[in-house]
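Residue numbers (my numbering): 34 to 133.
Comments concern the structure below.
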Amino acid sequence: MRPVKKNRLSQPSEFIKMMVVSLVFVSVFLFSKKISQEQMVINLAVLLFLFFILQLVFVIMYKKGVKTWAFWLLILLGLIGVAGAITIWYVLKYGLTFQN
Numbered sequence: 034m035r036p037v038k039k040n041r042l043s044q045p046s047e048f049i050k051m052m053v054v055s056l057v058f059v060s061v062f063l064f065s066k067k068i069s070q071e072q073m074v075i076n077l078a079v080l081l082f083l084f085f086i087l088q089l090v091f092v093i094m095y096k097k098g099v100k101t102w103a104f105w106l107l108i109l110l111g112l113i114g115v116a117g118a119i120t121i122w123y124v125l126k127y128g129l130t131f132q133n
């Protein structure tokens, strides 16, 4: 019996590269056109959904024992994104009260 050939996507690093490249291509496609405010919200929701899927892939790989720096980098990017969103919300809500 011949051994089963493994494709490149069965390697964790290649799968991660494919996921990141697809995320970049989708974001370039979404923001390449002139967009309205509603379309901007839809585009950001799609990108957040794809980012969530990518993060889940890293968590599953981390649980299976594949230790990558990308896992910690994406957690850091997620925390920075949350902090940025909170900062923007705070400035929009309370920033006008601090004007001279």
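Where is the CB? At the ideal position from N, CA and C, for every residue including glycine.
Note on geometry: alpha-carbon atoms of S46 and V92 lie some 14 Å from one another. DSSP, read as helix, strand or coil, puts T120 in helix. The region 55–64 makes no contact with the region 101–115: fewer than 3 CB pairs, one atom from each, lie closer than 8 Å.
Per DSSP, the unbroken alpha helix (DSSP H) holding I86 starts and ends at 70–96. In the structure shown, S60 falls within a helical segment according to DSSP collapsed to helix, strand and coil. For F64, the closest of K126, L107, L80, I108 by C-alpha to C-alpha distance is L80. The straight-line gap separating the alpha-carbon atoms of S69 and F62 is approximately 15 Å.
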